[in-house]
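**Q** The structure's right below; bear with me while I get my questions together.
Number of protein chains: 2
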Amino acid sequence: MRIADRGNRKRRGAGRPTIADVARLAGVSAITVSRVLRNPGKVSAELRTHVEAAIRSLGYVPDPNARALASSRSDVIGVIVPSLTNSVFADVLRGMYDSIGGSPYQIQLGNSRYSPIEEERLLAIFTRQRPSALIVTGIDQTPASRTMLEQAGCPVVQIMETGPDPVDMMVGFSHRDAGAAIVSHLLQSGYRKIAFIGARMDPRSQRRLQGYRDSLDAAGLADPSIVMTTPAPSSVSLGRDLLRDLLSRAPDIDAVFCNNDDLALGALFECQRSAIDVPRRLGVAGFNDLEMMAVASPSLSSVRTYRYDMGYRSMKMAVDAVQGQDVETRVVDLGFELAIRESTAGPGK
Amino acid sequence: MRIADRGNRKRRGAGRPTIADVARLAGVSAITVSRVLRNPGKVSAELRTHVEAAIRSLGYVPDPNARALASSRSDVIGVIVPSLTNSVFADVLRGMYDSIGGSPYQIQLGNSRYSPIEEERLLAIFTRQRPSALIVTGIDQTPASRTMLEQAGCPVVQIMETGPDPVDMMVGFSHRDAGAAIVSHLLQSGYRKIAFIGARMDPRSQRRLQGYRDSLDAAGLADPSIVMTTPAPSSVSLGRDLLRDLLSRAPDIDAVFCNNDDLALGALFECQRSAIDVPRRLGVAGFNDLEMMAVASPSLSSVRTYRYDMGYRSMKMAVDAVQGQDVETRVVDLGFELAIRESTAGPGK
DNA sequence: TGTTGGTATGGTAGCGCTACCATATATGGT
DNA sequence: ACCATATATGGTAGCGCTACCATACCAACA
Chain A
235 MRIADRGNRK
245 RRGAGRPTIA
255 DVARLAGVSA
265 ITVSRVLRNP
275 GKVSAELRTH
285 VEAAIRSLGY
295 VPDPNARALA
305 SSRSDVIGVI
315 VPSLTNSVFA
325 DVLRGMYDSI
335 GGSPYQIQLG
345 NSRYSPIEEE
355 RLLAIFTRQR
365 PSALIVTGID
375 QTPASRTMLE
385 QAGCPVVQIM
395 ETGPDPVDMM
405 VGFSHRDAGA
415 AIVSHLLQSG
425 YRKIAFIGAR
435 MDPRSQRRLQ
445 GYRDSLDAAG
455 LADPSIVMTT
465 PAPSSVSLGR
475 DLLRDLLSRA
485 PDIDAVFCNN
495 DDLALGALFE
505 CQRSAIDVPR
515 RLGVAGFNDL
525 EMMAVASPSL
535 SSVRTYRYDM
545 GYRSMKMAVD
555 AVQGQDVETR
565 VVDLGFELAI
575 RESTAGPGK
Chain S
235 MRIADRGNRK
245 RRGAGRPTIA
255 DVARLAGVSA
265 ITVSRVLRNP
275 GKVSAELRTH
285 VEAAIRSLGY
295 VPDPNARALA
305 SSRSDVIGVI
315 VPSLTNSVFA
325 DVLRGMYDSI
335 GGSPYQIQLG
345 NSRYSPIEEE
355 RLLAIFTRQR
365 PSALIVTGID
375 QTPASRTMLE
385 QAGCPVVQIM
395 ETGPDPVDMM
405 VGFSHRDAGA
415 AIVSHLLQSG
425 YRKIAFIGAR
435 MDPRSQRRLQ
445 GYRDSLDAAG
455 LADPSIVMTT
465 PAPSSVSLGR
475 DLLRDLLSRA
485 PDIDAVFCNN
495 DDLALGALFE
505 CQRSAIDVPR
515 RLGVAGFNDL
525 EMMAVASPSL
535 SSVRTYRYDM
545 GYRSMKMAVD
555 AVQGQDVETR
565 VVDLGFELAI
575 RESTAGPGK
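The listed protein sequences derive, respectively, from chains A and S. With the first sequence counted from 1, adding 234 to any position gets you the working numbering. With the second sequence counted from 1, adding 234 to any position gets you the working numbering.
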């Protein structure tokens, strides 16, 4: 009767099998089918086998929207990154996608374009979907964003940096320390008049600049006039332009720490074009250690950051937390490593 | 009565206002509230104002999951790209995110890792969510994938290439023609022994190689022994390695067409390191015209492709189609442009 | 023997929204 | 006056799933 009824009526859905169809075929109730899918342990082995056979024979796949509505929890993990063009985040995302692997979770990716306001807007959209977890970039959320994260009722991971007072979990490293370390290396190599060029100048760039300042202050070699920054997005051509400007204003610099590798590559090209000897006339260091840095000629020194691992680890922590596993460490500092190459071998005596 | 009842019962949801709360406050039925949000034209202006005030005063935001369940249609637009690391797709995605702008749609991003089987798996997941539209990369879907796309009941856009027999809509260009064009340019510049290096060799790389072959065949200068490819993912270091290998096997080549710009950059670095004069001893051309190509020294010739536009346009077509607007052109060829620079200026006499 | 407690399954009632149809009122033509 | 048509709103019944509670059964205990 009911079956015939359904056949006669025009159904709204696309006619795909539902949990009720599976239940009918297996001779059990719908809730038992649900349990086979969500809590297999709560169903006897015999029944489970029956139900699984019915699922397979109908090709049943649960409807994620119905599931989310009924359980107030979707399989979506929201991820907000500030840029899709910056290859740093491409690596992070690759790690996340690899980490999520065959699990049932879906990544919902938002692009904040380095705007805290846009991040706030995205968080408002994401939290409505009752995500399983949220991963956000950096530690400088607006108060409203922070409140949303705290009240989202799901695990939250802040990535790319470490800092005090995490919302929940954190995976990153200290940009200040990394900036200070590469500048210390430049000092050790014998450079004395070390400039800084930086683009975008988001909070993490600012902290790298702080590291640069701290390192030079400690050596008594700080000089604010050779720090050159712009809020414009980073690019190779911008690196060329910034170095050109810098050299015209301060021709006596002997090294430059570039806020990231794009700029460093642009700076290197400018040196090649102007026949400036790297590393003897000018030392050049970048940040992030993109793959091309080792191939360039001369090869470029940089700070290796564990971008893929940040993505992989943060997603793993999020998924573990969602599944109720105890996350032992809530703040993970992945550190960094100096990749020292030809471009900072030291000034020609 | 009902209100008190709800207050006493433990509610499942997070206690956020629902459409019923808005309806009660505005003194209308729930369906009218729904219409104000979905079809404002069907509600009188007076009532609309009332309802909108109620929505604002409660801070009501619709639940996307309930909406998707009731309407058999989610606000998700599924996008499948083969790589997140390849900056080509970063640009495409940026175009898509810009295009989707303030619209209510959400991008659900899948990474197929250049595997048609993985693409099939992702499509199975995506179609379960009854997406508003689907955007896939390339035209070489498996038969099963193609069937899913045809039966998804939503607009579908294939991007990055054009070809016969679109599933629905298409935005791209001819990789064969682009490959043929840059090789013709090399011939015109006076190069005669033009090699090819290629990585990944996905279908689009194959078609660029075909263009290379066609162009050389027409000139009677084809030589299969100087075509060097690998299924390994493309990278700058791979470009260096491939060129090194190539030169050791065929030292007499006078130009090389690199399947993409990463390889071309690696090739250039290898030339710098080995003191090979570019463009006089060896012409070098890339593909895609990434921003750094113009900055390199010597600047590198490439084929400019409209990646951002492909993302922007494809998303616009998808959204227009979802909203029932007539999409005039279903297959858009965005073409390409040769970016001719120092690296292919011609062999030394 | 009755009680307790655990385990396996089912029934009911929603989750918050919209499709579909019904109803009420206005408009116009004959 | 009638009917046909259009416009504006409401009522009902789900969409497909799971939370919550009830029930049946069995074993173990006093």
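Ideal Cβ placement from N, Cα and C applies to all residues, glycine included. Fair warning: this is a prediction, and the values are worked out from it, not measured in the lab.
Taking Leu255/S as the query, report the chain A residues whose CB atoms sit under 9 Å from its CB, ordered along the chain.
**A** In the sequence as displayed, the identity of residue 255/S is Asp instead of Leu. Residues of chain A passing the Cβ test: none, with the nearest at roughly 15 Å.
**Q** What did DSSP end up calling Ser536/S once you bin it into helix, strand or coil?
**A** Residue state, collapsed to three classes: strand.
**Q** Taking just the CA atoms, how far does Leu472/S sit from Leu480/S?
**A** Between Leu480/S and Leu472/S, the C-alpha separation is close to 12 Å.
**Q** For the alpha helix (DSSP H) containing Glu384/S, list its first residue and its last residue.
**A** 377 to 385
**Q** Indicate the three-state DSSP secondary structure (helix, strand or coil) for Gly329/S in the structure shown.
**A** If DSSP states are grouped into helix, strand and coil, Gly329/S belongs with the helices.
**Q** Measuring straight from C-alpha to C-alpha, what distance separates Cys492/S and Gly517/S?
**A** 11 Å
**Q** Using C-beta distances below 7 Å, list every residue in its chain close to Leu356/A, excluding the 5 sequence neighbours before and after it, in chain order.
**A** When the five nearest sequence neighbours on each side are left out, the beta carbons in the same chain lying within less than 7 Å of the beta carbon of Leu356/A are those of Ile314, Gly344, Ser346, in order along the chain.
**Q** Roughly how many whole angstroms lie between the Cα atoms of Tyr540/S and Leu420/A?
**A** 40 Å
**Q** Determine, using beta carbons only, whether Ile393/A and Thr371/A come nearer to each other than 7 Å.
**A** Remark: C-beta atoms of Ile393/A and Thr371/A approach each other more closely than 7 Å.
**Q** Is it a yes or a no for the stretch 447 to 459 of chain A touching the stretch 409 to 418 of chain A, going by three-plus beta-carbon pairs under 8 Å?
**A** By the criterion of at least three beta-carbon pairs nearer than 8 Å, the stretch 447 to 459 of chain A is in contact with the stretch 409 to 418 of chain A.
**Q** Nearest to Arg272/A by CA position, among Tyr542/A, Gln422/A, Gln557/A, Glu562/A, is which residue?
**A** Gln557/A
**Q** The stretch 485 to 510 of chain S: which residues have C-beta closer than 7 Å to a C-beta of chain A, in chain order?
**A** Leu499, Gly500, Phe503, Gln506, Arg507
**Q** Is it the case that the Cβ atoms of Arg269/A and Ser306/A are separated by a distance below 7 Å?
**A** no
**Q** Give the DSSP-derived three-state secondary structure of Asp309/A in the structure shown.
**A** coil
**Q** Comparing alpha-carbon positions, which option in Ser449/S, Val390/S, Val277/S lies nearest Ala412/S?
**A** Ser449/S
**Q** Give the residues of chain S in contact with Asp325/A, contact being defined as C-beta atoms less than 8 Å apart.
**A** Those within 8 Å of Asp325/A in chain S are Thr319.
**Q** Taking the continuous alpha helix (DSSP H) assigned at Asp495/S, which residues delimit it?
**A** 495 to 507
**Q** For Thr376/A, I'd like the list of residues in its chain whose CB is within less than 8 Å of its CB, leaving aside the five on either flank, ordered along the chain.
**A** Pro350, Ile351, Glu353, Glu354
**Q** Compute the distance between the beta-carbons of Ala573/S and Arg547/S, then report whether it is under 7 Å.
**A** no
**Q** Taking a cut of 8 Å between CB atoms, which residues from the stretch 512 to 543 of chain S lie near chain A?
**A** Glu525, Met526, Ala528, Val529, Ala530, Ser531
**Q** Using the three-state DSSP reduction, which class does Glu562/S fall into: helix, strand or coil?
**A** In the structure shown, the three-state DSSP call for Glu562/S is coil.
**Q** List, in chain order, every chain A residue whose beta-carbon is nearer than 8 Å to that of Gln363/S.
**A** Pro298, Asn299
**Q** Val315/A touches chain S at which residues, Cβ-Cβ below 8 Å?
**A** What Val315/A touches in chain S: nothing, since even the nearest Cβ is about 11 Å away.
**Q** Would you check if the stretch 458 to 477 of chain A and the stretch 426 to 443 of chain A touch, i.e. whether three or more CB-CB distances between them fall below 8 Å?
**A** They touch, by the three-pair rule.
**Q** Classify Ala484/A as helix, strand or coil using the three-state DSSP reduction.
**A** Here Ala484/A sits in coil by DSSP.
**Q** Mind listing the chain S neighbours of Arg547/A? Cutoff is C-beta to C-beta under 9 Å, in chain order.
**A** Here the premise fails: no neighbours, minimum Cβ distance about 17 Å.
**Q** Tyr339/A CB to nearest chain S CB: under 7 Å?
**A** Not one chain S Cβ lies under 7 Å of Tyr339/A.
**Q** May I have the straight-line CA-CA distance separating Arg301/A from Pro458/S, to the nearest angstrom?
**A** Straight-line spacing of the CA atoms in Arg301/A and Pro458/S works out to 56 Å.
**Q** List the endpoints of the continuous beta strand (DSSP E) containing Ile341/S.
**A** 340 to 345
**Q** Between which residues of its own chain and Ala287/A is the CB-CB distance below 6 Å, once the five residues before and five after are set aside?
**A** none
**Q** Since Val556/S meets chain A, which of its residues come closer than 8 Å, beta carbon to beta carbon?
**A** Ordered by position in chain A, no residue passes the 8 Å Cβ test against Val556/S, which lies about 17 Å from the chain.
**Q** Determine the closest residue to Leu443/S out of Lys427/S, Tyr348/S, Thr463/S, Gly424/S, with distance taken between C-alpha atoms.
**A** Among Lys427/S, Tyr348/S, Thr463/S, Gly424/S, the Cα nearest to that of Leu443/S is on Thr463/S.
**Q** Tell me Ala429/S's beta-bridge partners as DSSP assigns them.
**A** Val490/S
**Q** Excluding five sequence neighbours on each side, which residues of the same chain lie with their C-beta closer than 7 Å to the C-beta of Val512/S?
**A** Leu502, Cys505, Val518, Pro532, Ser577
**Q** Using a threshold of 7 Å, state whether the C-beta atoms of Gly329/S and Gly545/S are closer than that.
**A** yes
**Q** How would you label Ala498/S, buried or exposed, when you count the other beta carbons within 10 angstroms and need 16 or more for buried?
**A** buried
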